[in-house]
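These notes concern the structure reproduced below.
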Amino acid sequence: MPSPVPISLFATKNELPSFPVSLYLAPWVVPISSPVIRDGAVAIANGRILAVGSSSSIQAQFAGARVKNCQGVLLPGLVNAHIHLELSAYHHVPRPLPDETFCDWISSLLQLRQEGGIEPEDMARAARNMLQQQHDAGVLLLLDIGNILPSPPATIAPAVHLSFLLELLGPTSKAEEQVLARIASLSDSVAVTPHAPYSTTPGIMTALKQRADRLHHIFSLHVAESADEIELLQSGRGCFRSFLEERGAWENIFPGPGMDGRGAVDYLERLGLLDANLLCVHCVHVSEKEVQMLAAQGCKVCLCPGSNRFLGVGVAPLEVMLRHQLLPALGTDSIASNEELDLWREMQILREDHPGVAPAAVMAMATLGGAEAMDREEEFGTLAPGRKAILLNVDSPALQGVGNGEQLFDTLTGGGRPEKIFWIVEA
């Protein structure tokens, strides 16, 4: 088998950089954007990846460079495209019982938050600890969603890049007035997003979308997470109606005109929200037609299989998404709706729920899919020339026996968290 041709920023040796170059060699290199390389290498200089290829070709191209031999696998850092760090202290929210609804779980979480038994400093400490756990598990990039503007997070490590979205909701006209007044007072540096179609008026969602587009912020919301949501949008009935009525928040917004038999993506399309800046989280209860709509408009999707399993809301149609060239991101959601916030476990659950999906696609979701969802694919998500020089180095006994790329992806995505996880960071 011939050695892979190195992918490099430099066409000839005459173009080689004048600044110091470091070479990282490993038994396996997983670029994601190109085939797996056995006995591969990554060349780095000035905080960026210069080239990726076979060990022999990269060492020949960069003769005299500093060489570091690594064990196991080199790959991009993972991306957690949906997490609620401010809920990290709410690990005791009970899993819904078989006869309970999604609304029952929401009620349990709201009751705990309203009781106020957790001090702000304890919430902040739990959030910092969770962020550290994400870093230790190999997560490079996170999209954090919260209802409270956080204090500037303590620096965990150079390998952590955290983006925050302030999540607002309001199901009534009065709440809409309050939300619109609030966003008018916020700094343009604060990215704001709605919670979900069932909890946010159309006026709020369209106003927040216009603001996000103007400021080039990510626009992320929970979409089609449960069948209860679809029932509300289609008929104006079900547990969500009861939930809103109990709180004096029912204003006959649902069902919208012509929503009979249509879903949450149809609803967003009617509001003019579908475009490449939209990130739809969950998408468990979407039809193939809706997946086609998302793909055609360049929308992004983030799946949270561990949370979906915990809440018993179903399984997203991943095969349909991939068939329509839509590569979802992966997220953990919060510890209030998941047993463990671990992207390696999320990959395992995906493999269990979708045994026909190629392990390589699952790995791409946890890296490139997340970077694309956060509009950071020019920096992260792949090992390719020009990307930031932040690499993940993982190893475990299970990786020692793999013989090809297919077996490697199978082990990485199906074997859980690797025994050893190291960061390589060259700023």
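In this text, residue positions in the sequence shown follow my numbering: the first is 1015, and each later residue adds one.
Cβ coordinates follow ideal geometry from the N, Cα and C atoms, glycine included.
7 Å Cβ shell around residue 1301 - same chain, five flanking residues per side excluded: 1277
In the DSSP assignment, the beta strand (DSSP E) including residue 1062 goes from what residue to what residue? 1062-1068
For residue 1127, which of 1174, 1117, 1393, 1350 has the nearest alpha-carbon? 1350
Rounded to the nearest angstrom, what separates residue 1207 and residue 1227 at their Cα positions? 11 Å
Is the beta carbon of residue 1394 less than 8 Å from the beta carbon of residue 1090? yes
Answer with buried or exposed for residue 1076, where buried requires no fewer than 16 other C-beta atoms within 10 angstroms of its C-beta. buried
Please classify residue 1368 as buried or exposed, where buried requires at least 16 neighbouring CB atoms within 10 angstroms. buried
On the criterion of 16 or more Cβ atoms from any shown chain inside 10 Å, does residue 1120 qualify as buried, or is it exposed? buried
Mind reading off the beta-carbon distance from residue 1431 to residue 1356? Whole number of angstroms is fine, and I expect it under 8 Å. 6 Å
If we count the other Cβ atoms within 10 Å of its Cβ and call it buried at 16 or more, is residue 1331 buried or exposed? buried
Whole angstroms are fine: how far does the CA of residue 1412 sit from the CA of residue 1019? Residue placement at residue 1019 is poorly supported in this model, since its pLDDT is 46, which falls under 50; the coordinates are not used for a value here.
So is residue 1191 buried or exposed if we call it buried at 16+ other beta carbons inside 10 Å? exposed
What does DSSP give as the partner residue(s) for residue 1435 in the beta ladder? 1408
Are the CB atoms of residue 1360 and residue 1319 within a distance shorter than 8 Å? yes
Would you kindly work out how many angstroms separate the C-alpha atoms of residue 1220 and residue 1182, rounded to a whole number? 13 Å
Leaving out the 5 sequence neighbours to the left and right, which residues in its chain are closer than 7 Å to residue 1184 when beta-carbon positions are compared? 1190, 1192, 1193, 1214, 1215, 1218
Using alpha carbons as the reference points, say which of 1088, 1034, 1033 lies closest to residue 1055. 1088
State the beta-bridge partners of residue 1179 as determined by DSSP. 1159
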